[in-house]
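As they're listed, the protein sequences go chains A and B. For the first sequence, the numbering used here gives the first residue as 1, with consecutive numbering after it. For the second sequence, the numbering used here gives the first residue as 1001, with consecutive numbering after it.
Protein chains: 2
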Amino acid sequence: MNPKSGLLEPLESLSMTDRVENILREYFTENAFKPGDALPNELEIAQKLNVSRNVVREALSRLRMLGMVEARPRRGMIMAQPDLLAGIEKVLNPFILSKSNQKDIFELRLILEMGIAEFLFARKTQQDLDELEAIVEKQKTLPVLSKEDEIEFHGKLYDMTGNETFQRFQSLLFPVFEHVFATLTTTADHVAPANPVTHYDLFKILNDGTPEEFRKAMHIHLSVYYNSIRR
Amino acid sequence: MNPKSGLLEPLESLSMTDRVENILREYFTENAFKPGDALPNELEIAQKLNVSRNVVREALSRLRMLGMVEARPRRGMIMAQPDLLAGIEKVLNPFILSKSNQKDIFELRLILEMGIAEFLFARKTQQDLDELEAIVEKQKTLPVLSKEDEIEFHGKLYDMTGNETFQRFQSLLFPVFEHVFATLTTTADHVAPANPVTHYDLFKILNDGTPEEFRKAMHIHLSVYYNSIRR
DNA sequence: CTATTATATTTGTAGGACAAATGAAAAGAT
DNA sequence: ATCTTTTCATTTGTCCTACAAATATAATAG
């Protein structure tokens, strides 16, 4: 934005390990490596790239963490199916995440919550609805809902989307979401809506309503959070 | 599901590097390390944990990749602000992602696209709208929209959410989304809706409509994709 | 008290060593 | 010729040593 903020870049001087990591990923892509394909052994890679085996191992260690390659001790390495969320999972620590990132995650969850309606209606089963009904019936008797109650209800919704990644993704996001909201509520004056939408209301709409009605209701249900977003 | 599929787990025998990585992350969390805090040096960590410096370096190399720690050569290591999406970015390779993960990402983008309405209306500025108008006016003259045109329009929408992570996130997802849809269209019979919603229509609603109208229109706009989702 | 010089520290990189388990090859038995 | 046993080469995981280079600190000189 500010012309001055086009500051002199740190001129990222990549370490050998960084470069080998990049080279390996490019090598895999360009040669269309698929899960199960055998990789050259560590020594061969090191010699071809003219670096020490240490450097190669550090780079491979990173790719192993991401689930991208798998090492079978004494039998060589193969490509593997990476774990989409492994990288994000290790980093979701409110203590070290920037405020900006925390805010982004908070908002991301609100976005997701509004976006799942179509999938819920496309994939709901009677068994899902029965289970969800049991949850909301139980919660109807409670004077106030705990964090666990919230997770139980919304978590069940994510289950019903039938999207495993999404389900896991949101469960990773939730703690950060809670953390952000907890800090927000200390300062922001958040007022409950006049006509709140309860979990039970959402269930009823999901049972015999439309995606549009559901989104509308969900927005009201989340209005406490939506009220906290600003430019 | 199947009782037999409760197969004997691989009994994940963690390597020393895996264990040190976990220990370090726990250590950071439990001691509330914040960005900028100094870390013990490699040798000290190795001695305390009774492992070789190699193992410690491999673990640290992973955390460096995530942006979690930063090593200033010859001055020691400090905590850093991790890059939320660094881990996912390196893994989004359609060649190695599982079909299941690809499908999940495809759906995730549909979810996001529907969920951003509230943020667009809460944060749109006149300048945003002007820029968006320029895009849709240009596209109105085209007989058919290219992939780049799609990216330009939808990318501008993501910009307007004011959520940097979200914006980057979707740009990472887009290539996978395109790849999945390209493979889908070879088999699935996808018919364009009778009354399609164009980018121009979406712009008009964003300009003087409501979030609800926008979501409704966006759903029609994406109906080609939504028609491809099945249980 | 300031300026220069020496020293210690710490990461990045290289290279060597070896255990252990696996698969393949060789040797032996029938 | 076929099957069994033994030997051997391979390869990752782990440990160790070494050193360059740049920084921060301490020591020395002016």
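We put the CB at the ideal spot given by N, CA and C, even for glycine.
In the DSSP assignment, the residues bridged to R72(A) are G76(A).
In the three-state reduction of the DSSP assignment, A1182(B) falls in the helix class, which pools H, G and I. Residue state for A38(A) is assigned as strand, using DSSP reduced to three classes. Burial of A117(A) is indicated by the presence of at least 16 other C-beta atoms within 10 angstroms of its C-beta.
Residues of the same chain with a CB within less than 8 Å of the CB of V1051(B), apart from the 5 flanking positions on each side, are M1016, V1020 in chain order. Per the C-alpha coordinates, the member of L60(A), E70(A), N54(A), K103(A) positioned closest to F1166(B) is K103(A). Contiguous alpha helix (DSSP H) elements confined to the segment 1055-1135 of chain B occur at 1086-1089, 1099-1115, 1117-1123, taking only those with 4 or more residues.
Using beta-carbon distances, E1042(B) does not count as an interface residue toward chain A, since no partner is under 9 Å. Comparing C-alpha distances from L39(A) to each of T185(A), S13(A), R74(A) shows the shortest one belongs to R74(A). Residues of the segment 84-99 of chain A that bring their beta carbon within less than 9 Å of a beta carbon in chain B comprise L84, L85, A86, G87, I88, E89, K90, V91, L92, N93, F95, I96, L97, S98, in sequence order. With contacts defined by Cβ atoms closer than 9 Å, I229(A) and F177(A) do not form a contacting pair. In the DSSP assignment, P1211(B) falls within the unbroken alpha helix (DSSP H) covering 1211-1221. Pairwise C-beta distances place the segment 212-231 of chain A in contact with the segment 1114-1131 of chain B, as three or more of them are shorter than 8 Å.
N163(A): not part of any alpha helix (DSSP H); DSSP gives it neither H nor E. Annotated as proximal: P1035(B) and I1078(B), with beta-carbon spacing under 9 Å. Only exposed fits T1141(B), as fewer than 16 other CB atoms lie within 10 angstroms of its CB. Contact of I220(A) with chain B is not assigned, every C-beta pair being separated by 9 Å or more. Taking the beta carbon of L112(A) as reference, the chain B residues within 9 Å of it are L1108, I1111, L1112, G1115, listed in sequence order. Using beta-carbon distances, A134(A) does not count as an interface residue toward chain B, since no partner is under 9 Å. Beyond the five residues adjoining it in sequence on each side, H1179(B) comes within less than 8 Å, by CB distance, of P1094, Q1102 in the same chain, given in chain order.
Residues of the segment 1059-1074 of chain B whose Cβ lies closer than 7 Å to any Cβ of chain A, in chain order: S1061, R1062, M1065, L1066, M1068. With contacts defined by Cβ atoms closer than 9 Å, L110(A) and G1115(B) form a contacting pair. Residue environment: E58(A) is assigned as buried (16 or more neighbouring CB atoms within 10 Å of its CB, all protein chains considered).
Annotation for L206(A): the continuous alpha helix (DSSP H) segment containing it runs 199-208.
Shown here, S1228(B) sits in coil according to DSSP, grouped into three states, outside any helix or strand.
Think of a sphere of 9 Å around the beta carbon of E1212(B): the chain A residues whose beta carbon falls inside it are E212, R215, K216, H219, in chain order. Taken atom to atom, the span from the alpha-carbon of M1065(B) to that of E107(A) is near 26 Å. For P143(A), the secondary structure class from DSSP, reduced to helix, strand or coil, is coil. Not a single C-beta of chain B is nearer than 9 Å to the C-beta of E178(A).
Between F1174(B) and Y1225(B) a beta carbon distance of about 13 Å is seen, past the 8 Å cut, so the two are scored as non-contacting.
Within chain A, the residues whose beta carbon sits less than 8 Å from that of N1101(B) are Q81, L84, T165, listed in sequence order. In this chain, the alpha helix (DSSP H) harbouring V20(A) covers 16-30. When the alpha-carbon of H1221(B) is set against those of F1153(B), L1024(B), T1029(B), the nearest one is in F1153(B).
Looking at D1201(B), Q1170(B), V1136(B), S1223(B), the one whose alpha-carbon comes closest to that of A1194(B) is S1223(B). Of the other Cβ atoms in all chains shown, 16 or more fall within 10 Å of the Cβ of N1163(B); this residue is therefore buried.
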